[in-house]
Amino acid sequence: MGTITSANTRPIPWTLHERLPAAGLNPDNVGYHATVKTSQDPAPLPVHAQERTTVSVTDFGADPTGGTDSAAAVHRAILHAKGLGSPATIAFPRGIYTMYPEQAPKRELYVSNTVGRFPEFKVKNIGILLEDMHDVIVDGLGSELLFHGRQTQFAVIRSSDVTIRNFGTDWHAPLVLDLTVLASGVADGHGYRDIQLPAGVGHIIDGATATFTGEANPATAIPYWSHGPEVADEWQNQIRELASGLTLRSPLPLWHGSRAVEALGNSVLRISYDSPVDPGDAGKVYELRQRPRDTPGGFVWESTRVELKNLALHYLHGFGIVGQLSRDLALDGITLRAKAGSWRQTAGLADFIQLSGVAGKAQITNCLFDNPHDDPINIHGTYMQLETVDRAARTVTLKYMERDTAGFPQFYEGDELRFVRRATMLSDGAEDYKVTAVTGPNGMDTAHDLERMTITVDKELPAGLAAGTYVAENMTYTPEVYIAGNTFKSTPTRGILVTTPKPVLIERNHFDQMGMASIYISADADYWYESSGVTNATIRNNVFDRPAAGWAAIWFDPTNAESEPERTVHSNISIDANRFMLMPGGTLVAGKSVASLSFTNNVVGHYAPTGNAPDGAAAELFSFSESSGLVFAGNEYASGFNQSVDAAVAQAGDGPQAAGLLAGLAEPHWAGVDFGAPASPLAWLTHAPAGTAQASVSLAAADPGTSLHINYNDARIEPAPDGRYTLELLAGPNVLEVRTLADGGRSGQTYRWVVIAR
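In numbering that gives the first Met the number 0, the protein residues as written are 0 to 757.
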């Protein structure tokens, strides 16, 4: 296998952006807050006619004051636009629109990674349903849609040239319940925690515990959801440390040893415990959820050229935005974070974006991803396990294996099919097959087996093909991928998962404090059954701040149990001109069954407030197995790092180490609030005195040449000439983040102050 000698000359997918040196990466040119936004490829975007009819939802009874349910009126407006048979814009005159599920349109749908095969979840309520429509724009004009109950916010089905833009969405009482631990201590010989409930959440005290309830269905008076004490023990709950933003999965100690619950007023509960010891966790948020992914948050299926643009989605119910068996999808300028002032932290019950079987080009640009309950981005196909073989008829039966995926077609007549051996995760070596006939689920009803389909192909099946040992992959629905200009924050899992054989470019993104690998490239025919091998990927000009210790920042991890001497699952990977700021014990790249990988021109430093080489810095930065053709060149490392790579696979060395820089701040001066010792490195938390509406701070770099990049509640703030900033306080946690970049651009830090106001 050949090796890559220079990442600078390697062909990469489409981009309008020049490669930057790693030392020049900063929040002005990388991530969601960059001053110059990432440009999309215009070729696969929706095409809209200039002449079109505007249909206002208010003309059909939608209420922009939010006082009454607008769901039925919105659907009437959409049906009217559809009936025109010509290009249309469906407009929401600026306002707040309330959307209940009872009058929303309903469809039986089966969705990838969502519990569609279970009958209790088969029918979806859909707020905005675009079905069999062409050249349509939904324009919110700055409005907000406030959802209730359990719903898919929007769905695009069998449609083309669709743009959904310019509005925000939120939920009256999300199913994920965020409980802020305001204080903990000891009173009357017992430990206690004071817990803040968000608006819209009720509670029923039952002795030592309580049950939390969502709002009541207006028709039945029964709450849409409830969380009994047992929900706190679910392993997929999360705990967020407000001071640092670190968010990790964990059962919650909410009711462990509890003895009484008392309502203190203003939606605050005091939970007291048997133990006389302070139970701790003040300044943390307990995030409770039930597992079922009952509906996608947004859905695009069997559609072409669909763009979601300039949307502020403060919560996604059920699952994320799912693109399924569609072509040319783009998401640009999407904000996925809880609304400041809401006492909420969670922005999604599971993944944010899941593209499952997408053809053409997938573009995700200029987005902010903060605190999901799973991965922000997952782009993959689906392996279906071979169950029976009929050689005479050139027919195979295939089965969905992952429990949350079933009920929808995986192949269409004319698609290209590839057989992959599970043990090696490699093809059988034969050419791909063309599908000539399909029988199986249609994605809309239970007339067919939801788990199985029968596929007929155009030529003789391979001799070694056997049930259970092979899977089939749809090669037609594999996308070219462009992920750029995004920020990933406070994620308990991975930042980006991507498996496609088409070109992948991941550039100018900012990864901050991932709970696992920042970029994870697998190919899995063992559990998730997500395909396929990556054969052309470029990862360049990204900033990786404090990636999770114990996980490689970039990890190639296919599920093959066997390897072949001349073939690998993944190949042709360039990791070029990125900046990594590692925590103690942090590592850079791990790879299994990967060939022709280059790690070039990167800057590697320490994320630490003091010292260039903190304890734990000597962990091995690289780990590879069953790999070949690896190149390491032109990288700069701060002192103390272990750069060794297994001599059996390394083919080039690196240059001398460079000393690390700390890019520190001078001591800030606050007015209106007081901060004590940091709760964790470079992270502070305090409570504002009652009635405090503002706080102010003076900020300055400790050393000449260090630049400051500031945002408050995720809104960018331009540096003030005098270094003085006044902050308007909203109810709940308010977050000031200051990112620094040292002179020379080789080191930076993230400072964070959190003010809880009431």
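Every residue, glycine too, gets a C-beta built ideally from N, C-alpha and C.
None of these values were measured; they are calculated from a predicted model.
**OP:** Would you kindly check if the distance between the Cβ of Ala687 and the Cβ of Val754 is under 8 Å?
**Re:** yes
Original post:
What first and last residue would you give for the beta strand (DSSP E) that runs through Gly356?
Top reply: 352-364
Original post:
Going straight from the alpha carbon of Gly84 to that of Thr558, what length do you get?
Top reply: 49 Å
Original post:
So, are the CB atoms of Phe91 and Phe153 less than 8 Å apart?
Top reply: no
Subject >> Own chain, CB closer than 8 Å to Gly722, minus 5 neighbours either side, in chain order >> reply: Ser697, Leu698, Ala699
**OP:** Determine the burial state of Leu128: buried for a count of at least 16 other Cβ atoms within 10 Å of its Cβ, exposed for fewer.
**Re:** buried
Original post:
Considering only C-alpha positions, which residue in the set Tyr528, Asp414, Ala346 is nearest to Thr246?
Top reply: Ala346
Original post:
Run through DSSP, which three-state label would Pro408 get?
Top reply: coil
Original post:
Where Val267 and Ser183 are concerned, what is the direct C-alpha to C-alpha distance, given to the nearest angstrom?
Top reply: 13 Å
Subject >> Length-filtered (3 minimum) beta strand (DSSP E) runs lying within the stretch 547-597 >> reply: 551-555, 569-575, 578-581, 586-591
**OP:** Please classify Pro221: is it buried, with 16 or more other beta-carbons within 10 angstroms of its beta-carbon, or exposed?
**Re:** According to the sequence as given, residue 221 is Ile; it is not Pro. Under this definition Ile221 is an exposed residue.
**OP:** State yes or no: is the C-beta of Glu338 within less than 8 Å of the C-beta of Asp193?
**Re:** Checking the sequence shown, residue 338 turns out to be Lys, not Glu. For Lys338 and Asp193, no; Cβs fall outside 8 Å.
Subject >> Proximity winner among Leu324, Ser517, Val533, Leu449, relative to Asp544 (alpha-carbon distances) >> reply: Ser517
**OP:** Rounded to whole angstroms, what's the CA-CA distance from Gln102 to Ser355? Just pull it up for me.
**Re:** 29 Å
Original post:
Between which two residues does the beta strand (DSSP E) containing His79 stretch?
Top reply: Looking at the DSSP string, His79 is not in any beta strand (DSSP E); the run it does join, the alpha helix (DSSP H), is 70-83.
Original post:
How about the stretch 108-117 and the stretch 55-70: do they share at least three Cβ pairs that are nearer than 8 Å?
Top reply: no
Original post:
What number of angstroms, rounded off, separates the C-alpha of Pro502 from the C-alpha of Ala522?
Top reply: 16 Å
Original post:
Can you tell me where the beta strand (DSSP E) with Asn265 in it begins and where it stops?
Top reply: It is not in any beta strand (DSSP E) - Asn265 carries neither H nor E in the DSSP assignment.
Original post:
When we look at the beta-carbon of Gly549 and count the other beta-carbons within 10 Å, is it buried (16 or more) or exposed?
Top reply: exposed
Original post:
Can you tell me where the beta strand (DSSP E) with Met443 in it begins and where it stops?
Top reply: Per DSSP, Met443 belongs to no beta strand (DSSP E) and is neither H nor E.
Original post:
DSSP puts Lys283 in a beta bridge; with which residues?
Top reply: Glu240
Original post:
Helix or strand or just coil, what does DSSP make of Ala647?
Top reply: Low local confidence applies: a pLDDT of 39 at Ala647 is under 50, so the model's placement there is unreliable, with the coordinate-based value given in what follows. In this structure, Ala647 counts as coil in the three-state DSSP scheme.
Subject >> Per-residue burial, Thr739 [other beta carbons within 10 Å of its own, 16 or more giving buried] >> reply: buried
**OP:** Would you mind stating whether Leu348 and Leu174 have Cβ atoms separated by less than 8 Å?
**Re:** yes
**OP:** Measure the beta-carbon distance from Arg793 to Ala22 and round it to whole angstroms, keeping in mind my assumption that it falls under 8 Å.
**Re:** The structure shown does not extend to residue 793, since the chain is modelled only from 0 through 757, so no value can be given for it.
Original post:
Under the three-state reduction of DSSP, which class applies to Ala670: helix, strand or coil?
Top reply: strand
Original post:
Rounded to whole angstroms, how far is the Cβ of Trp254 from the Cβ of Thr208, which I believe are closer than 8 Å?
Top reply: 5 Å
Original post:
How should Asp134 be labelled, buried or exposed, when 16 other C-beta atoms within 10 angstroms of its C-beta is the threshold for buried?
Top reply: buried
**OP:** Take the Cβ of Thr499 as the centre, count every other Cβ of all protein chains shown within 10 Å, and call the residue buried at 16 or more, exposed below.
**Re:** buried
Subject >> C-alpha distance - Glu412 paired with Ile163, whole-angstrom precision >> reply: 30 Å
**OP:** Scan the stretch 134-163 and note each continuous alpha helix (DSSP H) run of 4 residues or more that stays entirely inside, going in chain order.
**Re:** none
**OP:** State the start and end residues of the unbroken beta strand (DSSP E) segment that holds Thr490.
**Re:** 486-490
**OP:** Reducing DSSP to helix, strand and coil, say where Asp369 ends up.
**Re:** strand
Original post:
How about the stretch 700-719 and the stretch 660-668: do they share at least three Cβ pairs that are nearer than 8 Å?
Top reply: yes
Original post:
Since Pro20 sits in a beta bridge, which residues does DSSP pair it with?
Top reply: The partner list for Pro20 (beta bridge, DSSP) is empty, contrary to what the question assumes.
Subject >> Start and end residues, beta strand (DSSP E) containing Ile621 >> reply: The question names Ile, but residue 621 is Phe in the sequence shown. 621-624 is the extent of the beta strand (DSSP E) around Phe621.
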